[in-house]
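The numbering used here applies: residue 220 is where the sequence shown begins, and numbers increase by one. Here a beta-carbon is modelled for each residue, glycine too, at the ideal position from N, C-alpha and C.
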Amino acid sequence: MFYPFHFFSEGYFCPYMPLFISSLNSGSNGNCYYIGNQKEAVLIDAGISCAETKKRMERLGLSIAAVKAVFISHEHSDHINGVVTISKKYHIPVYITEGTLKNSGLKIDKKLIHYFQDTATITIGDLSIIPFKKSHDAADPHSFVISGDEVNVGVFTDIGYPGKELIHYFKICHAAFLETNYCEDMLEKGSYPKHLKKRISGKKGHLSNTQAFELVQKYKPRHLSHLILSHLSENNNDPELVKKLFELYDNSTAIVIASRYRETEVYQIDPKKGVKGLSRKNKPKAVYAQMTLFNS
Ligand SMILES: [Zn+2]
Ligand SMILES: [Zn+2]
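Here you go:
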């Protein structure tokens with residue numbers, strides 16, 4: 220079979236282009252997810268400050284110059300707080316729907332705004348991004364699948380229930396940021412007012428641990444190497460409990476809990492299994508090259 224060979228700057232080559240992913244922050248205090256190849260990257264949501272985004276990327280050895288687009292999933296502040304500054308400061312185009320922009324109050328330079336449509340693929344260099352509608356209490360909310368070569372990464376947060384579109388796209392993923400917002404028991408017994416409990420657990424709210432777990436049990440593809448459980452509630456969930464639930468069920472997929480307070484490692488996602496997280500002690504560039512050798 221013919222594979223196009225991709226040469227790395229160090230002179231090594233790889234028969235395909237892996238993707239590198241990280242959650243820079245995840246939760247109701249701010250969401251920002253990085254997905255890129257060796258040349259370019261996109262951010263899904265910009266919910267933490269521009270300075271913090273840059274700082275966290277630098278800690279991971281990732282360059283903001285590689286970010287060619289920011290995609291906005293919906294207008295809630297935990298997804299847009301940093302977008303005006305980051306797009307202005309680094310001239311990064313913002314991909315958003317008309318409905319989301321209208322309801323966001325964002326003042327973004329018109330030249331940097333690009334509208335996207337449900338299921339219409341957007342190409343950013345060698346990356347393709349498919350947005351698709353989700354059920355959430357926002358004007359025009361979307362989830363995304365980002366593809367590079369043969370690798371697909373899903374960003375699935377802020378979803379009231381797993382509809383057929385989510386199931387369809389989850390089944391093609393090699394890695395997914397999947398919402399596990401709340402433990403049903405903790406929400407029920409917790410101190411939130413009734414209307415808020417109803418909103419969170421409603422069809423336009425958030426995915427519970429159980430909903431996400433059922434989705435994984437029923438539809439997880441064999442090639443899913445990383446499951447990054449995301450957007451955990453501070454008051455209605457327990458990261459340890461979530462990790463145990465998913466790890467006990469399945470040890471063939473790396474289970475990562477995306478933190479509300481800091482970035483995860485950078486994970487290399489390949490079209491085949493057997494991938495590893497990159498150690499933050501090493502410079503990613505060097506590690507990428509070593510890993511390429513192991514994988515080729
Ligand atoms: Zn959110
Ligand atoms: Zn939201």
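Between the C-alpha atoms of residue i and residue j, what's the straight-line distance to the nearest angstrom?
{"i": "valine 494", "j": "serine 410", "result": "Unreliable placement is indicated for valine 494, whose pLDDT of 42 sits below 50; the coordinate value is still reported in the next sentence. Spanning the two alpha carbons is a distance of roughly 41 Å."}
{"i": "isoleucine 419", "j": "alanine 358", "result": "17 Å"}
{"i": "glutamate 484", "j": "asparagine 454", "result": "24 Å"}
{"i": "lysine 274", "j": "threonine 340", "result": "30 Å"}
{"i": "lysine 330", "j": "histidine 310", "result": "10 Å"}
{"i": "histidine 518", "j": "serine 362", "result": "Since the first residue of the chain shown is 220 and the last is 515, residue 518 is not available in this structure."}
{"i": "threonine 376", "j": "histidine 425", "result": "8 Å"}
{"i": "asparagine 300", "j": "alanine 265", "result": "6 Å"}
{"i": "threonine 316", "j": "isoleucine 488", "result": "28 Å"}
{"i": "threonine 338", "j": "serine 354", "result": "15 Å"}
{"i": "phenylalanine 239", "j": "glycine 255", "result": "5 Å"}
{"i": "tyrosine 401", "j": "glycine 367", "result": "31 Å"}
{"i": "aspartate 469", "j": "lysine 352", "result": "29 Å"}
{"i": "leucine 325", "j": "serine 478", "result": "26 Å"}
{"i": "isoleucine 518", "j": "leucine 467", "result": "The structure shown does not extend to residue 518, since the chain spans only 220 to 515, so no value can be given for it."}
{"i": "lysine 408", "j": "asparagine 456", "result": "12 Å"}
{"i": "serine 304", "j": "histidine 445", "result": "Reading the sequence as shown, one finds threonine at residue 304 and not serine. Those two C-alpha atoms are separated by around 31 Å."}
{"i": "leucine 434", "j": "methionine 276", "result": "31 Å"}
{"i": "serine 292", "j": "lysine 413", "result": "27 Å"}
{"i": "lysine 321", "j": "tyrosine 334", "result": "12 Å"}
{"i": "phenylalanine 513", "j": "leucine 415", "result": "Residue placement at phenylalanine 513 cannot be trusted, given a pLDDT of 31 that sits under 50; the coordinates are not used to answer."}
{"i": "cysteine 251", "j": "leucine 243", "result": "5 Å"}
{"i": "tyrosine 313", "j": "isoleucine 327", "result": "With the sequence shown as reference, residue 313 is identified as valine, and tyrosine is not the correct amino acid for it. Taking the straight line joining both Cα atoms gives about 8 Å."}
{"i": "lysine 451", "j": "histidine 298", "result": "Looking at the sequence shown, residue 451 is not lysine but leucine. The straight-line gap from Cα to Cα measures roughly 14 Å."}
{"i": "isoleucine 263", "j": "threonine 429", "result": "25 Å"}
{"i": "tyrosine 235", "j": "proline 490", "result": "8 Å"}
{"i": "tyrosine 253", "j": "leucine 279", "result": "11 Å"}
{"i": "serine 245", "j": "serine 449", "result": "6 Å"}
{"i": "threonine 472", "j": "valine 302", "result": "32 Å"}
{"i": "tyrosine 380", "j": "histidine 387", "result": "14 Å"}
{"i": "serine 241", "j": "leucine 406", "result": "28 Å"}
{"i": "lysine 437", "j": "isoleucine 474", "result": "17 Å"}
{"i": "lysine 307", "j": "aspartate 404", "result": "43 Å"}
{"i": "isoleucine 378", "j": "serine 282", "result": "30 Å"}
{"i": "alanine 431", "j": "leucine 443", "result": "15 Å"}
{"i": "glutamine 336", "j": "proline 360", "result": "11 Å"}
{"i": "threonine 511", "j": "proline 237", "result": "Bear in mind that a pLDDT of 34 at threonine 511, under 50, signals an unreliable position, so the model cannot answer this."}
{"i": "asparagine 248", "j": "arginine 441", "result": "33 Å"}
{"i": "lysine 417", "j": "serine 296", "result": "20 Å"}
Bridge partners of residue i, per DSSP?
{"i": "glutamate 398", "result": "Ser449"}
{"i": "lysine 352", "result": "His361"}
{"i": "serine 347", "result": "Thr342 and Ser366"}
{"i": "asparagine 371", "result": "Ser366"}
{"i": "tyrosine 334", "result": "Ile315"}
Does ligand 2 have a heavy atom nearer than 7 Å to the CB of residue i?
{"i": "histidine 540", "result": "Nothing about residue 540 can be read from this structure; the chain reaches only from 220 to 515."}
{"i": "histidine 387", "result": "no"}
{"i": "alanine 358", "result": "no"}
{"i": "histidine 442", "result": "no"}
{"i": "histidine 355", "result": "yes"}
Please determine whether the Cβ atom of residue i lies at a distance below 7 Å from any heavy atom of ligand 1.
{"i": "aspartate 377", "result": "yes"}
{"i": "asparagine 250", "result": "yes"}
{"i": "serine 247", "result": "yes"}
{"i": "histidine 298", "result": "yes"}
{"i": "histidine 361", "result": "no"}
{"i": "histidine 450", "result": "yes"}
Going residue by residue through the region 412-494, where are the continuous beta strand (DSSP E) segments of at least 3 residues, counting only ones entirely within it? 445-449, 473-476 and 486-488
Touching or not, the region 338-345 and the region 454-464, by the rule of three or more beta carbon pairs under 8 Å? Contact annotation: the region 338-345 does not touch the region 454-464, with fewer than three C-beta pairs closer than 8 Å.
Should the region 256-265 be regarded as contacting the region 285-296, the criterion being three or more beta carbon pairs within less than 8 Å? Enough Cβ pairs lie closer than 8 Å, so yes.
Check whether the region 359-377 and the region 267-278 touch, using three or more Cβ-Cβ pairs below 8 Å as the test. no
List, from N- to C-terminal side, the beta strand (DSSP E) runs of 3 residues or more that fit wholly inside the region 235-299. 238-244, 251-255, 260-263 and 286-290
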